Amino acid sequence: MKSCSSEMEIAVPGDRLGNAKEIKSGLGTYTIGGIVYASVVGQKAVSTLEDGTLKVDVVREKRATVLPGVGDLVTARVTKINARYAMLEILFTEGQILRDSFPGMIRARDVRAFDVDTVQIYDSFRPGDIVRAEVLSLGDSKSYYLSTAKNELGVIGANSSAGHSMVPISWNQMQCPVTKRKEMRKVAKISK
1 MKSCSSEMEI
11 AVPGDRLGNA
21 KEIKSGLGTY
31 TIGGIVYASV
41 VGQKAVSTLE
51 DGTLKVDVVR
61 EKRATVLPGV
71 GDLVTARVTK
81 INARYAMLEI
91 LFTEGQILRD
101 SFPGMIRARD
111 VRAFDVDTVQ
121 IYDSFRPGDI
131 VRAEVLSLGD
141 SKSYYLSTAK
151 NELGVIGANS
161 SAGHSMVPIS
171 WNQMQCPVTK
181 RKEMRKVAKI
191 SK
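With UniProt numbering, letter number 119 in the sequence shown gets 119, and the count goes up by one each step, no holes.
Structure representation (structure tokens):
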């Protein structure tokens, strides 16, 4: 099979690619009423088959899946907590949106760098909190091990029990601006 398409042309679903009498439908295409159409977003590739007929394919861009790595800063949402750890869903890594979310875990000993024996997960995180954390290790087969044991790591967004966005007032407290109720969190120090 020889390629005859020299310029890069992007096709989107529904684009007319040619007459079915002149060109054969290939991958990422379909034929209706004698017309070949694109069925996916991708690069149009026209090639010559061994018998001399032309064939059109629409090839999707192969993007590498971004995976969190050890030492990466990630943004995650707390999904559940218990006395020993918080489970999270990793959404971003180093400013890149992940195509798929990955499970993460912050163990009580990885919440802060001091008084690790007195850490209470419930006083550090709540389900729904948005957390900035560092990847410690790839963990077990179920989740990444994460840490918030630096000043700039911790909760960066949280809703109060009344449902309002809270504002940080110290390293371990956030306050609801409507009800003025304070709640415990391991708050990230945002640099200016």
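Heads up, the beta-carbon is just placed ideally off N, CA and C, and yes, glycines get one too. Nothing here was measured: the structure is a model prediction, and the numbers come from that model.
Check                                                                                                                                                               : Outcome
If distances are taken between C-alpha atoms only, which option among 43, 24 and 28 comes closest to residue 35?                                                    : 24
Can you say whether residue 124 is buried or exposed, counting buried as having 16 or more other CB atoms within 10 angstroms of its CB?                            : buried
Tell me which same chain residues have a C-beta within less than 6 angstroms of the C-beta of residue 27, skipping the five on either side of it?                   : 57
Using the C-alpha atoms, what's the distance from residue 111 back to residue 73?                                                                                   : 15 angstroms
Please confirm if the segment 121-139 is in contact with the segment 156-164, defined as three or more CB-CB distances below 8 angstroms between the two stretches. : yes
If you draw a straight line from the C-alpha of residue 88 to the C-alpha of residue 66, how long is it?                                                            : 18 angstroms
On a CA-only basis, which of 105, 188 and 99 is nearest residue 79? Give me that one, please.                                                                       : 105
In angstroms with no decimal places, state the Cα-to-Cα distance between residue 22 and residue 44.                                                                 : 16 angstroms
For the beta strand (DSSP E) that contains residue 43, what are its first and last residues?                                                                        : 42-48
Cβ of residue 71 within 7 angstroms of any heavy atom in the ligand GDP?                                                                                            : In the structure on display, the ligand GDP does not appear, and there are no ligands present to speak of.
Give the DSSP bridge partners of residue 58, in chain order.                                                                                                        : 44
Look at residue 172 and residue 150 and say whether their C-beta atoms are less than 8 angstroms apart.                                                             : no
Run through DSSP, which three-state label would residue 2 get?                                                                                                      : Unreliable placement is indicated for residue 2, whose pLDDT of 49 sits below 50; no coordinate value is reported for it.
Quick one: Cα of residue 180 to Cα of residue 85, how far?                                                                                                          : 28 angstroms
Going by C-alpha distance, which of 69, 31 and 119 is nearest residue 83?                                                                                           : 119
If you follow the beta strand (DSSP E) that residue 73 is part of, which residue opens it and which one closes it?                                                  : 73-81
Specify, as a first and last residue, the run of the beta strand (DSSP E) that residue 90 falls within.                                                             : 85-93
By alpha-carbon positions, which one of 184, 70, 15 and 162 ends up nearest to residue 37?                                                                          : 15
Near residue 93, what residues of its chain come up, given a Cβ to Cβ distance below 7 angstroms and the 5 sequence neighbours on each side ignored?                : 66, 68, 72 and 74
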